[in-house]
Structures are given as structure tokens and as C-alpha cells.
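Beneath this line is the structure, given in C-alpha cells, with notes to follow.
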Amino acid sequence: MSLSLTVLFAPMEGFGHINGCHGLAERLRDRGHRVVFAVDKKFAGRLTPHGFEEEHMYSENSELPPGAVDPIFIMLNENSQIFAQEPIKIVEFCAHAFGAMMGEVRQKETQYKAVLDRVKPDVIVIDSYMSSPVLMKSGIPWVWLYSAGPLGTFNNDNLPPGWLELDYKELQPLAHNWHRVDGFVRTIHDTFEIPECLRDRPGKLILLSMGSMGCAIVDLMVRLTTILGPLHDKYSLPDNMWGQPFLPQTAILPLVDLVLTHGGNNTVTETFFYGKPMLVLPLFGDQYDNAQRLQETGLGLRLNPFHCTEEELLTSIDKFVNDSDLAQRMKSIGDRIRESNDKEVIADFIEDIYLSHKKIMSHISTRAIHCGQSPAQWSHRATVPPIVNSTTFELSIQQVFDENFVGN
Numbered sequence: 001m002s003l004s005l006t007v008l009f010a011p012m013e014g015f016g017h018i019n020g021c022h023g024l025a026e027r028l029r030d031r032g033h034r035v036v037f038a039v040d041k042k043f044a045g046r047l048t049p050h051g052f053e054e055e056h057m058y059s060e061n062s063e064l065p066p067g068a069v070d071p072i073f074i075m076l077n078e079n080s081q082i083f084a085q086e087p088i089k090i091v092e093f094c095a096h097a098f099g100a101m102m103g104e105v106r107q108k109e110t111q112y113k114a115v116l117d118r119v120k121p122d123v124i125v126i127d128s129y130m131s132s133p134v135l136m137k138s139g140i141p142w143v144w145l146y147s148a149g150p151l152g153t154f155n156n157d158n159l160p161p162g163w164l165e166l167d168y169k170e171l172q173p174l175a176h177n178w179h180r181v182d183g184f185v186r187t188i189h190d191t192f193e194i195p196e197c198l199r200d201r202p203g204k205l206i207l208l209s210m211g212s213m214g215c216a217i218v219d220l221m222v223r224l225t226t227i228l229g230p231l232h233d234k235y236s237l238p239d240n241m242w243g244q245p246f247l248p249q250t251a252i253l254p255l256v257d258l259v260l261t262h263g264g265n266n267t268v269t270e271t272f273f274y275g276k277p278m279l280v281l282p283l284f285g286d287q288y289d290n291a292q293r294l295q296e297t298g299l300g301l302r303l304n305p306f307h308c309t310e311e312e313l314l315t316s317i318d319k320f321v322n323d324s325d326l327a328q329r330m331k332s333i334g335d336r337i338r339e340s341n342d343k344e345v346i347a348d349f350i351e352d353i354y355l356s357h358k359k360i361m362s363h364i365s366t367r368a369i370h371c372g373q374s375p376a377q378w379s380h381r382a383t384v385p386p387i388v389n390s391t392t393f394e395l396s397i398q399q400v401f402d403e404n405f406v407g408n
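Number 119 in the working numbering belongs to position 119 of the sequence shown; there are no gaps in the numbering.
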């Protein structure tokens, strides 16, 4: 049966969330479905070149004057020392941030309603910590794509709290509508050549990727780049480094020997996809979970970006870039992930969700006519087969850890 659906993606603000949705959206686009992204105006033009439509959402920071700095980056720098303090301070800061996110969700409810009226989607894919009631109560089948670490999704007394450094699989079986995948790494046609200033240098090639928020913390970036290079008096990159405000990360990853990252789920899954070892320098949220699991499984190492010494960082880098066994292990993991069929499987699920919803609604309408009542009247009085209108896909590397845990 040939389907032609309209699928609306509603990711929260952030490159990691948008990129994760992008990877899944490619498969739906390739199957002939219309794919629409509801994104903040600040991301305008990033998705249309890939065959997707954009519906723009607006907030007070959507359109900044030329040269203006996004207020979120100003806030991060003003509060950067919080991330260097004890864990409770970081949790308190994140709790405040979640409160701000809730306010943003409320502000966009009217806009989401207008988007639904214009787009008329058949299925909605939501990637957000706090989902929009307008989207979830629209009567349209929806999918929750969770592109952060998995512990934050469960509320069960048998599990550790969301940001403890523990695994969860042995403690809580997954629900029948929870589907784990290795990651939705997007396909882009960007190319990258190693800059001439680095091309002929001896030694290994390292990618430093601290995420859009981590890179905005100037003091932190100064600290890391001065440790990795010979200059210690200014924030200009040393001779053995090269950088740009934005780089095609998925084009660079196949070329490097090691990745230094904040541990955001998107970068971690992309690094596994290309089979590269990594050192994780977590700042907040699920980054701590990813860092700890990497260290426990022997697939990476966790360091404190604010407190690790120069010797600790450089010694760890030397150890990992020269570990041939780990390099081969990561290569094998990357080969398996790239050969997996996750995107096709999840695209099948999305189509099945739409068909199941359509079948149930057709059943309701048929019975309502037979009873001489409207569907709305009948649905309150009759018992219909249960409908699962949300399927959760964990965008994580948990399966990699399960299969490669130290001692297996």
C-alpha cells in the first residue's frame, strides 16, 4: 500500500534535537512523505535545503539585530562558574532552566495551534522534555522521540533518579511501546578537508566539540584550548589548532582519531556512528550519564572540564589516541551501527501508527452511524479497542553499551 503522509516534527530549540529529528525525517522524505519542521525562526533555512518544509515559531529572541549575542549565551557566561561547583548547584540551575522552558512551551501554544491548522499533519513527532498540550491533545497520532539520555524518561521507585551515574536496564523492563535505536545520524553532503596548517603536522587529529552551549562559555574554551596548545595568554587558537563558528561535524568525524566532547547525546551517537573513541567533559544534564557509562564500559573516559589538570587531560589524550585495541573496538561498533536498519524500522512504526489510528477512527464512525449517533456521542458510551497513539524512541547508545560492556 502506497502512503503519502504529512509528518510534522516539533523539536525543542537546540541543534542536537533538530539534528536527531533530521536523521529520521530523511527516511520519511525518501518514502515520499511530506515532512514539515516547526522550529524557531533563528533556525530558518537550515532544513529547507534537505527537502523539508519549515514552519517558523517566534519568541523574544528569534530575530536578533546583526551582531547581537543570543541572551542564552550571555546567561551561560554570567553563570558559567555554577558548572564548576558541586553537583547540587548544577541541579538547582537546571531546575531553574526547566522552569524557563515551561514558560516557553506556554508561550508557543497558540503558535502550535496555528501550525496544525496550516499543515494539517497526519502524524506528529515531538522531541521535547516538556511536550505541548496542543500537540498531544490534538487528536492526531503522535510520537515522542527522546533524544537525551534515557534515565530522564522514567519515573519509577526502582530506578535511580534521572541524573545518577547508574544504568537502568536490569531494574526496569522497557514498555511494549518503547523502541530503542542507535541514533538517527543525518545524511549531509557537506565535505571537509583538513586545513593546510594542520595537514602536514605529525601526531593524531583531535576534534574538540563542546556543543553550542559549551562553546559559548568563553572561560571554559580558553581553559581547554590553552591546555591543548602552547599559548597561555589569550583566546586565539594556537598554531596546532583550527576552528570556525560552525563546522560540518559529521563530515569531520571520519577524519579524526579522537573526540573531546561535552557528552551531549547527539555528538555521542554521531561519534559512535563513525567509530571514534572519546573523552567526555560533561557540563550538565544527561551528559554526566553518558560520560559515566562510557567510562564504566571502557569505551571512553570522563574528566571534569573545570578541574582536570593539564597533565590529566594530556595524559588521557595520549593514552586514548595510542590505544589500538580501543580503536579497533570502536571501529567494529561503528561498522555495525552504520549497517543497522533503525531509520527504516522507525519509519515503518510511524506509518503503522497512522494506519492504526485511521482504522480505529473508521471503526468508531461506522459503529456511530449504525447506532444512529454522532461519533462524538458514541465514543463516550461504547468500548473500542485500545489505541496506542504514542511510541517512544530512545535516541541513545544504550545498545552499544549492552553489547560491549567490560567483561562480556
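We put the beta carbon where it would ideally sit given N, CA and C, even for glycine.
Burial state of residue i (16 or more Cβ within 10 Å)
i    : result
F184 : buried
V280 : buried
M57  : buried
N290 : buried
F98  : exposed
K204 : exposed
L8   : buried
L314 : exposed
D342 : buried
G275 : buried
V345 : exposed
K358 : exposed
Q287 : buried
R186 : buried
H17  : buried
V123 : buried
R106 : exposed
P121 : buried
A100 : exposed
D117 : exposed
D335 : exposed
Q292 : buried
Inter-residue CB distance, residue i and residue j (contact presumed, cutoff 8 Å)
i    : j    : result
S138 : M12  : Going by Cβ atoms, the distance from S138 to M12 rounds to 18 Å, so no, they are not a contact pair.
T261 : M210 : 7 Å
V115 : E55  : 5 Å
A38  : Y112 : 7 Å
T6   : V119 : 6 Å
I206 : V256 : 6 Å
Identity of the residues DSSP links to residue i by a beta bridge
i    : result
A44  : Note: A44 sits in no beta bridge, so no partner.
E54  : F37
R27  : According to DSSP, R27 bridges with nothing at all.
A414 : Past the boundaries of the shown model lies residue 414; the chain is included only from 1 to 408, so the question cannot be answered.
M278 : V259 and G300
S209 : T261
CB of residue i within 8 Å of CB of residue j, strictly
i    : j    : result
R29  : F52  : yes
F320 : P282 : no
I350 : L258 : no
F272 : I194 : no
P141 : I188 : no
L303 : E311 : no
E109 : S132 : yes
S4   : G32  : yes
Alpha-carbon spacing of residue i relative to residue j, whole angstroms
i    : j    : result
R34  : P254 : 31 Å
N266 : G20  : 7 Å
H96  : G285 : 13 Å
V413 : N79  : For the chain, the structure presents residues 1 to 408; residue 413 sits outside this window and is missing.
V36  : I126 : 12 Å
M102 : M130 : 7 Å
A347 : V268 : 23 Å
Y146 : K89  : 25 Å
R199 : D190 : 19 Å
L395 : F83  : With a pLDDT of only 43 at L395, under the threshold of 50, the placement of this residue in the model should not be trusted; the figure read from the coordinates follows. Cα to Cα, the separation comes out at about 25 Å.
G352 : L208 : The sequence as given places Asp at residue 352; Gly does not occur at that position. Cα to Cα, the separation comes out at about 40 Å.
F306 : E296 : 21 Å
A175 : R201 : 51 Å
H50  : T309 : 43 Å
D182 : E196 : 34 Å
E10  : S332 : Here the sequence assigns Ala to residue 10, which means Glu is not the residue at that position. Cα to Cα, the separation comes out at about 34 Å.
E270 : G23  : 11 Å
P375 : I360 : Any reading at P375 must be qualified, since the residue scores a pLDDT of 35, below 50, and its modelled position is unreliable; no value is offered.
S340 : R27  : 13 Å
S2   : I252 : 37 Å
V48  : D325 : Going by the sequence as given, residue 48 is Thr instead of Val. The alpha-carbon atoms of T48 and D325 are separated by roughly 42 Å.
R180 : E86  : 32 Å
L355 : N177 : 16 Å
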